[in-house]
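Beneath this line is the structure, given in structure tokens, with notes to follow.
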Amino acid sequence: MTPDNPASDAELAGLFRLASRLMARASHRRDFSHHAQHLVLSILLENGPMPQGELLEILDVRSSSLSELLGKLEDRELILRERNPEDRRGFIISPTDRARALVPDNGDDTDSLFACLDQAERDQLRSILGKLVASLREDPATGGPGRGCGRGGHGQGFGKGRGGRGQGMGRGRRGGR
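When we follow UniProt numbering, the leftmost residue of the sequence shown carries the number 1, and every step to the right adds one.
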């Protein structure tokens with residue numbers, strides 16, 4: 001991929017698939033049976049306890065899928081589910097001390113999947129991925145609005161969930177990277 005040899009859609013898609021597989025493999029090495037568990041814990045550790053509905057919007061998955069995932073994390077004593085005092089129908093999801101010990105500190109670049117990127121590159125990657133995700137969510141071929149399926153208005157992209165938590169997964173109480 002150079003100015004003389006621009007990247008094709010197939011090449012970019014292949015690189016995304018490879019990166020996804022390698023990131024999943026890295027999560028498995030950290031004693032996670034599925035990279036989704038690592039993602040949930042990373043979000044909770046970066047942003048703190050949050051309503052299950054907010055986590056659902058960030059992850060943009062089906063409610064039943066999140067419930068199953070949270071059940072597995074709860075069985076491993078990595079999260080706590082407590083009734084939301086503001087909405088007794090919902091739950092607040094919190095990471096446990098065991099989760100904090102298992103998942104490396106999000107601020108530790110020595111164990112980060114993105115340690116090879118400087119801050120400007122991370123910001124650029126977040127911007128590009130956000131743009132790509134927004135476009136894919138609008139595409140009927142990927143379950144966007146034109147197709148009449150999916151989760152409707154949930155999962156509005158990075159930083160657009162409820163609760164004013166900044167920039168979604170990329171920025172939390174610690175200020176992100």
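Quick reminder that beta carbons are idealized off the backbone N, C-alpha and C, glycines included.
Determine the direct distance from the alpha carbon of residue j to that of residue i, and round the result to whole angstroms.
| i | j | result |
| --- | --- | --- |
| S112 | A26 | 10 Å |
| L56 | I79 | 15 Å |
| I92 | G130 | 27 Å |
| P6 | D118 | 23 Å |
| G90 | R122 | 34 Å |
| R62 | L69 | 11 Å |
| R98 | E46 | 15 Å |
On the DSSP bridge assignment, give the partners of residue i in chain order.
| i | result |
| --- | --- |
| R81 | I93 |
| D87 | N84 |
Look up residue i in the DSSP assignment and say whether it is helix, strand or coil.
| i | result |
| --- | --- |
| R62 | coil |
| P51 | strand |
| L117 | coil |
| D139 | coil |
| G14 | helix |
| S20 | helix |
| R25 | helix |
Using 8 Å for Cβ pairs, my map puts residue i next to residue j. What's the rounded Cβ distance?
| i | j | result |
| --- | --- | --- |
| Q37 | L73 | 6 Å |
| E77 | T96 | 6 Å |
| L44 | S8 | Not really, about 38 Å apart at Cβ, beyond 8 Å. |
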